[in-house]
Amino acid sequence: MNVLITPVTIWAVLMLLSLPALLMLASTRAIVDPRQTALDTFGFLRRRHEERERRQNEAVTAERYAGEVAVAADRATVAAQRWHESWQQAEENASLAWQRWQDAEQQVARARAAAAFRPAWSLRTPSEYAERERFLLRTVDTAVARGDLPGDALTTIAFDARLHPVEQEFAITRAVAAYRQQVCRDAQAAEKTAWHDAELALATRDSLRFEAGEALAQAAVLTRYLPRRDSQVAPVRERRWVQQPA
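Residue numbers (the working numbering): 1 to 246.
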């Protein structure tokens, strides 16, 4: 194999060395000013070499950029799906919070009707007041355990332990309804924020997909200028995405 390669190499070197002379002989100007002609010839070869290197660098850069944008688009697709799932969960939470608020309002209506038929006033004893206080504590603790009242309800809500248990039930159900209303408003605000984040993630995904397509097309145009594949440049693979529902 070396015997065959050596003559070819020699001929290539001879052709390269004789090219300026051939160009000079083909030009009438070379007879008058051979030095300037030689400078122009070598300048042409140098510019051609520089242009080829510039094209190669441009092709390598375009290919690398296309790969990076494609990876970013893939990650944005995964992120958009996660944000969409978060919004769906927030929407479910808001719907559940609204329903619990409505249920609490119905409890208020029933408790109001029951309070209208409470027993008439009579002289109270210390033991009865103590029992009413224990009833209040038990009822509030139960509501807190169900999540119908905040954990600090006894210190933040002005309950009156002297009231009749029926009136206490009415006061507690009103506090539950007010708390459920606030929870519903918070859940609706969280759902709105989650929807905005999901839309932003979707727009980012679509923008990166478009950018990846443009970068891939640009890299494909410059493919012929790429150096040989034994270099460290990784090939660009065409990316295809399936549109996912928002």
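All residues carry an ideal CB built from backbone N, CA and C; glycine is no exception.
Between the region 182 to 189 and the region 88 to 103, the count of Cβ pairs shorter than 8 angstroms is three or higher; the stretches touch.
Rounded to the nearest whole angstrom, the C-alpha separation of Ala59 and Gln182 is 59 angstroms. By the Cβ neighbour-count rule, Glu214 is exposed, with fewer than 16 other Cβ atoms within 10 Å of its own. Following the DSSP letters along the chain, one finds His196 inside the alpha helix (DSSP H) bounded by residues Pro165 to Val221. When rounded, the separation of the alpha-carbon atoms in Ala113 and His84 is 44 angstroms.
The C-beta distance from Ala175 to Leu149 rounds to 6 angstroms, short enough to fall under 8 angstroms. Your pair Ala177 and Val69 does not check out as a contact, with CB atoms roughly 53 angstroms apart and the cut at 8 angstroms.
If you draw a 10 Å sphere on the C-beta of Phe117, you find fewer than 16 other C-beta atoms in it, and that means exposed. Annotation: Arg224 is outside any alpha helix (DSSP H) and is labelled neither H nor E by DSSP. For Pro150, the secondary structure class from DSSP, reduced to helix, strand or coil, is coil.
The beta-carbon separation of Val166 and Leu154, rounded to 20 angstroms, does not stay under the 8 angstroms limit for a contact. In the three-state scheme derived from DSSP, where H, G and I count as helix and E and B as strand, Thr125 is classed as coil. CA-to-CA, the gap between Ala80 and Ala212 works out to about 16 angstroms.
The alpha-carbon of Leu226 is positioned some 8 angstroms away from that of Arg55.
In this structure, DSSP gives Arg162 a state outside helix and strand, which the three-state scheme calls coil.
Judged by DSSP in its simplified three-state form, Ala130 adopts helix. The DSSP-derived three-state label of Ala116 is coil.
Cβ neighbours of Gln218 within its own chain (closer than 6 angstroms, five residues either side excluded): Ala62. Annotation: Leu137 to Arg146 spans about 14 angstroms, alpha carbon to alpha carbon. In the displayed model, Arg54 falls within a helix according to three-state DSSP. Arg75 carries a helical assignment under DSSP once its states are collapsed to helix, strand and coil.
Within the same chain, Cβ atoms closer than 6 angstroms to the Cβ of Glu91 are found at Glu191, the five residues on either side in sequence being excluded. Sequence-distant partners of Ala161 (beyond 5 residues in either direction) whose C-beta falls short of 7 angstroms from its own C-beta, in its chain, are Arg132, Glu133 and Leu136. For Arg205, the closest alpha carbon among the candidates Arg64, Arg110 and Val71 is that of Val71.
Between Arg180 and Ala111, the gap from beta carbon to beta carbon reaches 7 angstroms or more.
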